Structures are given as C-alpha cells and as structure tokens.
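The next block holds one structure in the form of structure tokens; read it before the comments.
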Amino acid sequence: MKELDLEGRVVLVTGAAQGIGRTLSAAFTDAGAAVAVADINLEKAQKAAEELVSAGGRAHAIKVDVGDASSVDAMVAEIEHVLGHVDILINNAAIFSTLKMQPFEDIPLDVWERVQRVNVTGPFLCARAVMPAMRRRGFGRIVNISSGAVTLGRPNYLHYTTSKAALIGMTRSMAREVGAHGITVNAVLPGSVETEIDRETVTSASGQRIVEMQCIPRRQVPDDLVGVMLFLASRRSDFITGQSITVDGGATHP
Ligand SMILES: NC(=O)c1ccc[n+]([C@@H]2O[C@H](COP(=O)([O-])OP(=O)(O)OC[C@H]3O[C@@H](n4cnc5c(N)ncnc54)[C@H](O)[C@@H]3O)[C@@H](O)[C@H]2O)c1
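Dropping the structure here:
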C-alpha cells in the first residue's frame, strides 16, 4: 500500500511490549518506519523489538514510565539519539489489562490516581516531549488510544472510562493548538479487542455479548486497528484532526 508508506518516519509507540501496541509496532515497521518500542516492561519490549528486527524492521526497545515526566523526557532524548526525531506518537500505554473492575465507591484512591497518572498524564507528557521537534519540522501525528468503553459508559470501570474520556477532550484541544504547524491529533476508540493477554474484565460470556452488539459478528483483534492507524499516521490524513474514530465492528454509533 504505497500511499500509506511511512519510509523514513520515526514512530514512538508507548505500551508496545504486548497486545495492541505490539501489533501496531509491527505494522509500522512493515510500512517502512523506524519504531521506538517503549514500555515500562523493558524485558518484554526488548523481545518485541528483537522480533521486529529479525523480520527486517528498524526498532529500538526503551524503558519508560509514561506517568513520570523525567522518564518520558529521557526516553525522547534517547529516541532522538538512536532513531531520530519522533514524527508519529501513538499514545497507547495504559493501565488496562491488569485493572480490576469494581463499584466506583470501592476504587481505592491510590488506584484511581495511578490510572489517571498513566492513562491521562502519560499521553500529555509524551505529547509535550515530542512537540518541540514536531513544531520545528512542521509535521507531526499524534494518535491517542481511547476506548469504546467511554461510549458505552461501561459500569464498574469508572477509573478507566474517566481516563479514556479525558483523552477525547485532550485530543480536541491539542489539535487546535498545533494544527497550524502541520501536526494532527486524533483519538481512536477500539471496541473490545482480544489480544494474547487474558484479562478478568472479559469472560467468554461477556465476549459473546459484545459480539452480539456488533454489526460484524466476530471478536475484534489488534489487526483490525492497523488500517486506521496507518492512515492517521500518513500524509493521506493531513486534513483530519481533533477527531475520535471508533473501530468496533459497528457495536456503537457515537
Ligand atoms: N484490548 C482492548 O479491548 C482495548 C479496548 C479499548 C481500548 N484499549 C486500549 O488500547 C491500549 C492497549 O491495550 P492492550 O489490550 O494492548 O493493553 P495491555 O494492558 O495488554 O498493554 C498495555 C501495555 O502498556 C504498558 N504500560 C502500562 N503502564 C505503563 C507505563 N506507566 N509506562 C509505560 N508503559 C506502560 C504495559 O506494560 C503493557 O505492555 C490501551 O490504551 C487500552 O486502554 C484496549
């Protein structure tokens, strides 16, 4: 797909050691980009990056806690040194598969605060760190991974849905601040995506209920997100910004 060619681009994918981030990293290297595989779990990030390199891609594993400003700044400095300036930021890292669903009154304050720190402050810190080089060079792409749980208003998930709803506001406001510099900011809202990681929040019965809500009756997989992500990362989406795009097999119509 030549039009979505990302040859020469540098992509930073946070939370890239597993699940959706890992699949997206492979799609970006396949499209010719160099990928910074950033994650709090360095060992898994290294394994993921090694696989990309053995498949002929350009990738560099890096440890980061996206909720920590100095860790994020150090990550971006290392990427600039090893791969070059970040052209495309995919804010994918989140506290997600390890999260416990519970009535909102029972969510411990420290858990609430850590979820907001990683899922909301993280994307803000990463965008802030890559912005000077994007502005200087007059090009940039930021894609924030939000969630269809916001549209559904999924119960017992208040910490998570609140954090993912914040990304929609962040996307809209940031898009207005940076559009004049050739930088677009969009959000993608995946439905319920089955990855290699088991999670308590989706049982086989609830997975089946989700499939029944969709127009396309099968479980969503990470690969279903690749088309929209390559498009939003490419020049073909130059005039699309501040948008929230749902990819959920038609489960919701926001
Ligand atoms: N899988 C789904 O059904 C689904 C649906 C909607 C949205 N999403 C969103 O898509 C993204 C990826 O989902 P996934 O299923 O691959 O999740 P996952 O939990 O399997 O992976 C998240 C990754 O982020 C990393 N991470 C966690 N905290 C971090 C931190 N502080 N700094 C850096 N890295 C950190 C983890 O180590 C992990 O590798 C998340 O933002 C999630 O909220 C997922």
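Numbering of the sequence shown is given in numbering that gives the first Met the number 0, commencing with residue 0 and proceeding in unit increments. The beta-carbon is built from N, C-alpha and C at its ideal position, and this holds for glycine as well. Just so it is clear, the structure is predicted and the values come from calculations on it, not from any experiment.
The segment 173 to 180 touching the segment 191 to 204, judged by at least three CB pairs closer than 8 Å = no
task = Pull up the CB-CB distance for alanine 47 and alanine 60, whole angstroms please, since I reckon it's below 8 Å.
result = For the purposes of this step, residue 47 is taken as the residue at position 48 of the sequence shown. For the purposes of this step, residue 60 is taken as the residue at position 61 of the sequence shown. Between alanine 60 and alanine 47 the Cβ distance is about 7 Å, and since that is below 8 Å, they are a contact.
ask   = Are the beta-carbon atoms of valine 187 and tyrosine 159 separated by less than 9 Å?
value = Sequence index remark: in the sequence shown, residue 187 carries index 188 (1-based). Sequence index remark: in the sequence shown, residue 159 carries index 160 (1-based). The answer is no: Cβ separation not under 9 Å.
query = Looking at the unbroken beta strand (DSSP E) that takes in alanine 47, where does it start and where does it end?
reply = Translated into the one-based positions of the sequence shown, residue 47 becomes position 48. No beta strand (DSSP E) holds alanine 47; the alpha helix (DSSP H) holding it covers 41 to 53.
request  = Tell me whether serine 236 is buried or exposed, calling it buried when 16 or more other Cβ atoms sit within 10 Å of its Cβ.
outcome  = As a first step, residue 236 must be located in the sequence shown, where it is residue number 237. So serine 236 ends up on the buried side.
task = Taking isoleucine 167 as part of the alpha helix (DSSP H), name the residues at either end of that continuous run.
result = What you label residue 167 is simply residue 168 of the sequence shown in a count that begins at 1. Segment 157 to 177, the alpha helix (DSSP H) holding isoleucine 167.
request  = Have a look at isoleucine 244 and asparagine 185 and give me their C-alpha separation to the nearest angstrom.
outcome  = What you label residue 244 is simply residue 245 of the sequence shown in a count that begins at 1. What you label residue 185 is simply residue 186 of the sequence shown in a count that begins at 1. Isoleucine 244 and asparagine 185: Cα-Cα distance of roughly 8 Å.
inquiry  = Measuring straight from C-alpha to C-alpha, what distance separates valine 75 and alanine 128?
reply    = Along the sequence shown, one-based indexing puts residue 75 at 76. Along the sequence shown, one-based indexing puts residue 128 at 129. Whole-angstrom Cα-Cα distance: 7 Å.
ask   = Based on the DSSP secondary-structure assignment, which residues constitute the bridge partners of alanine 37?
value = Taking the sequence shown and counting its residues from 1, one reaches residue 37 at position 38. Bridge partners of alanine 37: Thr13, Ile61.
ask   = Does the Cβ of isoleucine 141 lie closer than 8 Å to at least one heavy atom of ligand 1?
value = Within the sequence shown, numbered from 1, the residue matching residue 141 stands at position 142. Flag unset: Cβ of isoleucine 141 not near ligand 1.
query = In three-state DSSP terms, what is alanine 73?
reply = Here residue 73 is taken as the residue at index 74 of the sequence shown, counted from 1. Residue state, collapsed to three classes: helix.
query = Tell me, which residues are paired with asparagine 185 by DSSP?
reply = Working through the sequence shown from its first residue, we reach residue 185 at position 186. Note: asparagine 185 sits in a beta bridge opposite Val142.
request  = Answer yes or no: do leucine 229 and leucine 11 have a C-beta to C-beta separation smaller than 9 Å?
outcome  = As a first step, residue 229 must be located in the sequence shown, where it is residue number 230. As a first step, residue 11 must be located in the sequence shown, where it is residue number 12. Not in contact: leucine 229 and leucine 11 (Cβ atoms no closer than 9 Å).
query = Do tyrosine 156 and ligand 1 come close, with the Cβ less than 8 Å from some heavy atom?
reply = In the sequence shown, the residue the question calls residue 156 occupies position 157. No, the beta carbon of tyrosine 156 sits no closer than 8 Å to any heavy atom of ligand 1.
task = Please classify asparagine 90: does DSSP put it in a helix, a strand, or coil?
result = Residue mapping note: residue 90 aligns to position 91 of the sequence shown, counting from 1. Asparagine 90: strand per DSSP, three-state reduction.
ask   = Between the beta-carbon of asparagine 155 and the beta-carbon of phenylalanine 103, is there less than 9 Å?
value = Mapped onto the sequence shown, residue 155 falls at position 156. Mapped onto the sequence shown, residue 103 falls at position 104. Going by C-beta atoms, asparagine 155 is nearer than 9 Å to phenylalanine 103.
inquiry  = When you compare the CB of leucine 229 with every CB in chain B, is at least one pair closer than 9 Å?
reply    = Chain labels in this structure do not include chain B; a single protein chain is all it has.
message = Less than 9 Å between the beta carbons of alanine 15 and arginine 8, yes or no?
response = To locate residue 15, count along the sequence shown from 1; it is residue 16. To locate residue 8, count along the sequence shown from 1; it is residue 9. Taking 9 Å as the Cβ cut-off, alanine 15 and arginine 8 do not qualify as a contacting pair.
query = Short check: CB of glycine 139 to CB of aspartate 72, under 9 Å?
reply = Against the sequence shown, residue 139 aligns to sequence position 140. Against the sequence shown, residue 72 aligns to sequence position 73. No, they are not a contact pair.
ask   = In three-state DSSP terms, what is isoleucine 209?
value = Here residue 209 refers to the residue found at position 210 of the sequence shown. Note: isoleucine 209 maps to helix in three-state DSSP.
request  = For glutamine 219, count neighbouring C-beta atoms within 10 Å of its own C-beta (all shown protein chains included) and say buried if the count is 16 or more, exposed if not.
outcome  = By 1-based counting over the sequence shown, the position of residue 219 is 220. Flag for glutamine 219 reads buried.
query = Nearest-angstrom Cα distance between leucine 82 and methionine 212?
reply = Residue numbering aside, residue 82 sits at position 83 when the sequence shown is read from its first letter. Residue numbering aside, residue 212 sits at position 213 when the sequence shown is read from its first letter. Spanning the two alpha carbons is a distance of roughly 42 Å.
inquiry  = Just to confirm, is the Cβ distance from valine 117 to isoleucine 94 under 9 Å?
reply    = As a position in the sequence shown, residue 117 is number 118, starting the count at 1. As a position in the sequence shown, residue 94 is number 95, starting the count at 1. Contact flag set, yes.
Outcome for phenylalanine 27 when other beta-carbon atoms lying within 10 angstroms are tallied against a minimum of 16 = What you label residue 27 is simply residue 28 of the sequence shown in a count that begins at 1. With 16 or more Cβ atoms within 10 Å of its Cβ, phenylalanine 27 is classed as buried.
inquiry  = Per the DSSP calculation, valine 114 is bridged to which residue(s)?
reply    = Position 115 of the sequence shown holds residue 114. Its beta-bridge partners do not exist; DSSP assigns none.
query = Cα-Cα, which of Gly18, Gly55, Val52 is closest to asparagine 40?
reply = Start at 1 with the first residue of the sequence shown, and residue 40 comes out as number 41. The option with the nearest alpha carbon to asparagine 40 is Gly18.
request  = State yes or no: is the C-beta of glutamine 207 nearer than 8 Å to some heavy atom of ligand 1?
outcome  = The count along the sequence shown starts at 1 and reaches residue 207 at position 208. The answer is no for glutamine 207.
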